[in-house]
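Enquirer:
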Amino acid sequence: MGLFDKKAIEALQTWVAAGQPPLQRQPSILDSPFTTVLGPGAAPVSDQAAAMEACKVRIPSKGDRKDILANINAQSLDQYDTDDKGYLRKIGTAPADGKPRLQEYSDDLNRMIALDGRTAVLSKSAFFPRARGAGSFNQTPEMVSLDREYGGGVMLPEGKDGKDVRIVVSGNAAIEKWPDGRTVEHAPDDILRHEVMNHAARVFLGPPSGSKYSESDLRTKSTIDYDNEMRRKLGKAPRPPDNKHPFLGPTNRK
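By our numbering, the letter at position 212 of the sequence shown is numbered 1397, and the numbering carries on one by one without gaps.
1) Considering only their Cβ atoms, is the gap separating Q1260 from L1287 smaller than 8 Å?
2) Looking at E1343 and V1388, is the spacing between their C-beta atoms short of 8 Å?
3) Can you tell me where the alpha helix (DSSP H) holding S1330 begins and where it ends?
4) For my contact list, K1309 and G1271 are in at a C-beta cut-off of 8 Å; report their separation, rounded to the angstrom.
5) Run through DSSP, which three-state label would T1278 get?
6) Look at the alpha carbon of G1420 and the alpha carbon of V1369, and state the distance between them as a whole number of angstroms.
7) If you drop the 5 nearest sequence neighbours on each side, which residues of the same chain put their C-beta closer than 8 Å to that of E1380?
8) Below 8 Å on the Cβ atoms is my contact criterion, and I expect H1384 with F1432 to pass it. Report the Cβ-Cβ distance as a whole number of Å.
9) Which full runs of the alpha helix (DSSP H) of 4+ residues lie inside the region 1247–1291, going along the chain?
10) Suppose contacts are defined by Cβ-Cβ distances below 8 Å. Is A1386 in contact with H1371 by that definition?
11) In the DSSP assignment, find the alpha helix (DSSP H) that holds D1412 and state where it starts and stops.
12) Three-state secondary structure (DSSP) at L1307?
13) When burial is assigned at 16 or more other CB atoms within 10 Å of the CB, is I1244 buried or exposed?
14) Taking 8 Å as the cut-off, decide whether the C-beta atoms of A1279 and Q1264 are in contact.
15) Ignore the nearest five residues each way along the sequence and tell me which others in D1269's own chain have a CB closer than 8 Å to its CB.
16) With burial defined as no fewer than 16 other Cβ atoms inside 10 Å of the residue's Cβ, what is the status of I1276: buried or exposed?
17) Rounding to the nearest angstrom, what Cα-Cα distance links P1285 and D1252 in this structure?
18) Using only CA atoms, which one of S1291, L1377 and S1401 lies nearest to Y1335?
19) So R1416 packs on R1424, CB below 8 Å; how close in whole Å?
20) Give a yes or no on whether 8 Å exceeds the smallest Cβ distance from D1402 to chain C.
21) What span of residues does the beta strand (DSSP E) with L1300 cover, start to end?
22) Considering only the beta carbon of each residue, do H1430 and S1401 sit closer than 8 Å?
23) Rounded to a whole number of angstroms, what is the C-alpha to C-alpha distance between E1289 and P1364?
24) Specify the secondary structure class of R1333 as computed by DSSP and reduced to three states.
25) Could you check what DSSP says for I1352 in three-state terms: helix, strand or coil?
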């Protein structure tokens, strides 16, 4: 059973047939602000077999765990490993090495791990099955480049009721352009943190703790301001504004 097995594809088809947008994506390969910075990358589609269980953040594929854990631990104050089945667990706190890390990232992950009956699956793939649009229920989703179409990372609802989520990252960096020509690099750890903190955690936990955002803001406000707040704490350059990039899609929050 591959990363996107029959049930996952059917869930994506149902999502679009119900009138939902086919996920948050860059407008096209021609006007996308992202370009890929090729790194070690990810296998085209790695084996992600085994059923998800409740109350966990999970990296099912053994081949994905080293890179995903390294990306999490590069920006999270708390440090993590997985058990033999790939379930995330806290193992301590980052050493005092002078590198900025986020307590907010740790707080989101720890709360997600403790949730009852909710699951976030983290995986790597160079390609992604995108539904072909409204009315395409009986069509097989097209396989598109995760880097070219989504800037290297995407989150989608998982399961019939959409209460679980799947995050897929390519493992490559991306370059985003400001309108004036300036560029901002998104390292692989930036891309994964964004998908976790700005999207998956907001599905599960609601607005960021202590933030200015309300529940309704999650669907109407751009998530980039919050992303830039975290980037500033990490000593990174800000991203350009994007008013078409909310925290959540119309029915993500359960």
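Glycine included, every Cβ here is placed at the ideal spot set by N, Cα and C.
Expert: Result, derived from the coordinates:
1) yes
2) no
3) Element bounds for S1330: not the alpha helix (DSSP H) but the beta strand (DSSP E), E1327 to S1330.
4) In fact, because the Cβ distance is near 13 Å, the residues do not count as touching under 8 Å.
5) DSSP places T1278 within a strand segment (E or B) once states are collapsed to three.
6) 13 Å
7) G1338, V1339, M1340, I1352 and V1354
8) Contact holds; Cβ gap of about 6 Å.
9) Segments of the alpha helix (DSSP H) lying fully in the region 1247–1291: 1247–1260.
10) For A1386 and H1371, no; Cβs fall outside 8 Å.
11) I1409 to K1418
12) Correct three-state label for L1307: strand.
13) buried
14) Yes, Cβ-Cβ distance for A1279 and Q1264 is below 8 Å.
15) none
16) exposed
17) Computed Cα separation, rounded: 19 Å.
18) Checked all of S1291, L1377 and S1401; the closest Cα to Y1335 is L1377.
19) 7 Å
20) As a matter of chain content, chain C is missing from the structure shown, which is built from one protein chain.
21) In the DSSP annotation of this structure, L1300 is not part of any beta strand (DSSP E), being labelled neither H nor E.
22) No.
23) 30 Å
24) helix
25) strand
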